[in-house]
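From first to last, the protein sequence lines are chains A and B.
Each residue of the first sequence is one higher than the last, beginning at 9 in this note's numbering.
Each residue of the second sequence is one higher than the last, beginning at 4 in this note's numbering.
Each residue gets a CB set at the ideal place from its N, CA and C atoms; glycine is no exception.
Down below is the structure, laid out as structure tokens.
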Amino acid sequence: MAFAGGADDDVLSIDGVEMTSKVAAPPALAETGIDTAISGWHFREDDTQAMQTDSFDNPAMLAVERAADVWNTVEGTEGKSCATCHEGPESMQGVRAVYPKWNETAGEMRTLAMQINACRTENMGAEAYKYDGGDMTAMEALITVQSQGMPVNVATDGPAAEYWEKGKEIYYTRYGQLELSCASCHEQNYGNYIRADHLSQGQINGFPTYRLKNAGLVQTHNRFRGCIRDTRAETFSTGSPEFIALELYVASRGNGLSVEGPSVRQ
Amino acid sequence: MRLVAITAAIVVAGGAFAQEVAPTDVSYGEYGAVEASLSGAPGNAEAGAEVMSQRSLGNCVACHQVSALGDVPFQGEVGPSLDGAGSRWEEADLRGIVANAKMTFPESVMPAFYKSEGFIRPGDAFTGKAGTEPLPPLLTAQQVEDVVAFLMTLKDE
Chain A
9 MAFAGGADDD VLSIDGVEMT SKVAAPPALA ETGIDTAISG WHFREDDTQA
59 MQTDSFDNPA MLAVERAADV WNTVEGTEGK SCATCHEGPE SMQGVRAVYP
109 KWNETAGEMR TLAMQINACR TENMGAEAYK YDGGDMTAME ALITVQSQGM
159 PVNVATDGPA AEYWEKGKEI YYTRYGQLEL SCASCHEQNY GNYIRADHLS
209 QGQINGFPTY RLKNAGLVQT HNRFRGCIRD TRAETFSTGS PEFIALELYV
259 ASRGNGLSVE GPSVRQ
Chain B
4 MRLVAITAAI VVAGGAFAQE VAPTDVSYGE YGAVEASLSG APGNAEAGAE
54 VMSQRSLGNC VACHQVSALG DVPFQGEVGP SLDGAGSRWE EADLRGIVAN
104 AKMTFPESVM PAFYKSEGFI RPGDAFTGKA GTEPLPPLLT AQQVEDVVAF
154 LMTLKDE
């Protein structure tokens, strides 16, 4: 079973800034046999890779621009915009890298999408965005791009530990009629082709991702859903407790990789 | 005369009772082999080649490379090449591997193609919605036999 495809040796730089797209395995990968966490970028075709190296060529940047306008737009009963409390989007530097994150006040594990909606509903008196709708993914992309190049560093201890354990259990469960787990494809077989698809480690440091196939931004939970659906299983829904836990766990498998989003994938 | 009568009786019985074995009734040997045809009929190798190639059927080439199916694009590398499988294995072994590979290779990532229940969050095909067990197996009894017939043609040169 040769790793005919494998990860390539190219270097990922975005607008001239070099990303850490391969890094010594973080603690979450202990006992997996994986010695290097590798960004999904290394498993893509050259032309797809190229689109991510220059912001002008990255189709996700249109959504980022759109969200930058929304950032300054007053909405809701409180007469506020994001900018009212947070100044410019650059104030969000470092945020993407540590989400999902435990929120002490609310006593819950929050994904970035949950935090954005918490600010909209609680701080602005505005409507929550649809969890994986276009407005949400665009805002996520705007916040994410502020952390580009910073190492993913989600906490897995303290109150996060039980979510992490739950996410891990989901990662190794063989769902559906095809009885495949995330690990079947992304741990045991990354680098191999499954039909026309070159399997990566299923890292999420590049999310949200612009998928050429969908011609739009895709969130982590959308990707999870697609992968579980492909095992002929009943999926979990976006924003579900299962996917929140899974997101934390999968993120931790990439601790140390650069935040790369919004990335471009086929 | 007596012999002829018995043969005739078997032929009649065969016709009447050439019963399909239900997915839940398949009997696997200690190492996962299945001796008898699941459909009660022999397989057709040509139909089997089609089942192995089609995305909507077996899609075996998603994971396996098969030189005899050279014109089928994008053959995967998750499983071993199946070239020579018909020399490495007996027909009963191959039937067992296709019906439920985990009886032969515990923990294998290879899906069970003739299994209808016992899944975690079984879905309704690729809709992502819940399915109700028993699910139709991925392949029919006859399709399994067709695939086995094709695999038996994959001999070492």
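Host alpha helix (DSSP H) of residue i (start-end)
| i | result |
| --- | --- |
| A/Ile178 | Ala169 to Tyr179 |
| A/Ile124 | Leu120 to Ala126 |
| B/Val54 | Ala48 to Ser56 |
| B/Gln146 | Ala144 to Met155 |
| A/Ser192 | Cys190 to His194 |
| A/Ile212 | Element bounds for A/Ile212: n/a, residue is neither H nor E. |
| B/Val101 | Glu94 to Asn103 |
| A/Glu148 | Gly142 to Val153 |
| B/Arg91 | Ala88 to Arg91 |
Residue i (DSSP reduced to helix, strand or coil)
| i | result |
| --- | --- |
| A/Asn230 | helix |
| A/His206 | strand |
| B/Ala25 | coil |
| A/Leu254 | helix |
| B/Pro125 | strand |
| A/Ser266 | strand |
| B/Val69 | coil |
| A/Ala259 | helix |
| A/Gly166 | helix |
| B/Met113 | coil |
| A/Met158 | coil |
| A/Glu130 | helix |
| B/Val15 | Below a pLDDT of 50, predicted positions are generally treated as unreliable, and B/Val15, at 42, falls in that range; no measurement from the model is reported. |
Run of the beta strand (DSSP E) containing residue i, from where it starts to where it stops
| i | result |
| --- | --- |
| A/Arg219 | Thr217 to Arg219 |
| A/Val272 | Ser271 to Arg273 |
Cβ distance (whole Å) where residue i is taken to contact residue j below 8 Å
| i | j | result |
| --- | --- | --- |
| A/Gln196 | A/Ser155 | That pair is no contact at about 30 Å. |
| A/Gln211 | A/Gly48 | 6 Å |
| B/Val37 | B/Arg98 | 4 Å |
| B/Tyr117 | B/Leu60 | Going by Cβ atoms, the distance from B/Tyr117 to B/Leu60 rounds to 13 Å, so no, they are not a contact pair. |
| A/Val267 | A/Ala68 | Wrong, their Cβ atoms sit about 13 Å apart, outside the cutoff. |
| A/Gln4 | A/Thr145 | Limits of chain A in this structure are 9 at one end and 274 at the other, which puts residue 4 of chain A out of reach. |
| A/Gly184 | B/Arg58 | Contact doesn't hold; Cβ gap of about 17 Å is too wide. |
| A/Thr263 | A/Asp140 | The sequence as given places Asn at residue 263 of chain A; Thr does not occur at that position. Not really, about 24 Å apart at Cβ, beyond 8 Å. |
| A/Tyr107 | A/Ile124 | Incorrect: roughly 10 Å between the Cβ atoms, too far for contact. |
| B/Phe122 | A/Glu187 | 7 Å |
Task: Chain-ordered residues of the segment 222-246 of chain A with a beta carbon less than 9 Å from chain B - done: Arg233, Gly234, Ile236, Arg237, Asp238, Thr239, Arg240, Ala241, Glu242, Thr243 and Phe244
Open item on the list: Suppose only complete runs of 4+ residues qualify. What are the alpha helix (DSSP H) ranges in the segment 25-113 of chain A, listed by chain order?
Closed with: 54-59, 69-79 and 90-94
Task: Residues in the segment 131-143 of chain B having any Cβ partner in chain A nearer than 8 Å - done: Gly131, Lys132, Ala133, Gly134, Leu138 and Leu141
Open item on the list: At a CB distance below 7 Å, what residues from the segment 74-85 of chain B approach chain A? Give them in sequence order.
Closed with: Cβ contacts with chain A come from Phe77, Gly79, Glu80, Val81 and Pro83.
Task: Contact list for the segment 184-213 of chain A against chain B, Cβ threshold 7 Å - done: Listed in sequence order: Gly184, Gln185, Leu186, Glu187, Leu188, Ser192, Gln196, Asn197, Asn200, Tyr201, Ile202, Arg203 and Ala204.
- [ ] Check distances from the C-beta atoms of the segment 26-40 of chain B to those of chain A and list, in chain order, the residues that come in under 9 Å.
- [x] none
Open item on the list: Using a Cβ-Cβ cutoff of 9 Å, what residues of the segment 93-108 of chain A are near chain B? List them in chain order.
Closed with: Answer set for the segment 93-108 of chain A: empty.
- [ ] With 7 Å as the C-beta to C-beta threshold (strictly closer), list the residues of the segment 158-183 of chain A near chain B in chain order.
- [x] Thr181, Arg182 and Tyr183
TODO: Mind checking the segment 51-74 of chain B against chain A and listing, in chain order, the residues whose C-beta falls within less than 8 Å of any C-beta there?
DONE: Along the segment 51-74 of chain B, the positions whose C-beta sits under 8 Å from a C-beta of chain A are Arg58, Asn62, Val64, Ala65 and Cys66, read in chain order.
- [ ] Identify each residue in the segment 81-112 of chain B for which the Cβ-Cβ distance to at least one residue of chain A is less than 7 Å, and report them in chain order.
- [x] Of all residues in the segment 81-112 of chain B, Val81, Pro83 and Val112 have a Cβ within less than 7 Å of some Cβ in chain A.
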